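>
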Amino acid sequence: MTAIDPLFSINNQRLASQNERCDAGETSFTVDGEGTIRRCHFVAEPIGSIDDDDWERAFKSRGCPNATCGCYIGYRNLQRLNLEKIYGDNILERIPISPVLKIVTCQESL
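Read left to right, the sequence shown gives residues 147 to 256 (our numbering).
Okay, here's the thing in structure tokens:
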């Protein structure tokens, strides 16, 4: 996998996340078939419903309730990682801004 994705080994690990400030539920969220909004797939507690008149009020940064996070789509929201410095506008796709800095900078962030 590292031949295809040089960052695979870095992104294939569980990171401590409990009580860490996390933007999941503010910058990203999930909605199930019933319309229940959750901050991410791995946090069971709902934050709202798309049927609520004020559903947008649910979107805010919170502390993570899980001990660890092993999903890039989730931990990319951990504020302490500052992954936007590595990926810029390509954070969801995990395409580093600079190929030369990607490994060193990412390892330092994690």
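Beta carbons are placed, not taken as given, at the ideal position from N, Cα and C, and that holds for glycine. What you are looking at is a predicted structure, and each value in this text was computed from that prediction instead of being measured.
Would you mind giving the Cβ-Cβ distance between L229 and E166, rounded to the nearest angstrom? I have them listed as a contact below 8 Å.
To locate residue 229, count along the sequence shown from 1; it is residue 83. To locate residue 166, count along the sequence shown from 1; it is residue 20. No, L229 and E166 are not in contact; Cβ-Cβ is about 13 Å, not under 8 Å.
> Alpha carbon to alpha carbon, how far is S244 from Q164?
Counted from its first residue, the sequence shown places residue 244 at position 98. Counted from its first residue, the sequence shown places residue 164 at position 18. Whole-angstrom Cα-Cα distance: 30 Å.
> Would DSSP call G209 helix, strand or coil?
In the sequence shown, counting from the first residue as 1, residue 209 sits at position 63. Residue state, collapsed to three classes: strand.
> State the DSSP-derived secondary structure class of Q159, mapped to helix, strand or coil.
For the purposes of this step, residue 159 is identified with residue 13 of the sequence shown, where counting begins at 1. If DSSP states are grouped into helix, strand and coil, Q159 belongs with coil.
> If I measure Cβ to Cβ from I196 and keep anything under 7 Å in the same chain, skipping five residues before and after, which residues do I get?
Position 50 of the sequence shown, counting from 1, holds the residue named residue 196. If we look at I196 and ignore the five residues flanking it on each side, its Cβ neighbours are V177, G181, I183.
> CB-CB under 6 Å to H187, same chain, minus the five flanking residues each way: which ones, in chain order?
Walking along the sequence shown from the start, residue 187 turns up at place 41. Only T176 meet the Cβ criterion.
> Where do the ends of the beta strand (DSSP E) carrying I183 lie?
Indexing the sequence shown from 1 puts residue 183 at position 37. I183 -> beta strand (DSSP E) spans 182-184.
> With C-beta atoms as the reference, is R208 less than 8 Å away from C168?
Along the sequence shown, read from residue 1 onward, the residue named residue 208 stands at position 62. Along the sequence shown, read from residue 1 onward, the residue named residue 168 stands at position 22. Yes; because the gap between Cβ atoms is below 8 Å, this pair is in contact.
> Which same chain residues, not among the five before or five after C217, have their C-beta less than 8 Å away from its C-beta?
Along the sequence shown, one-based indexing puts residue 217 at 71. Hits under 8 Å: C186, H187, F188.
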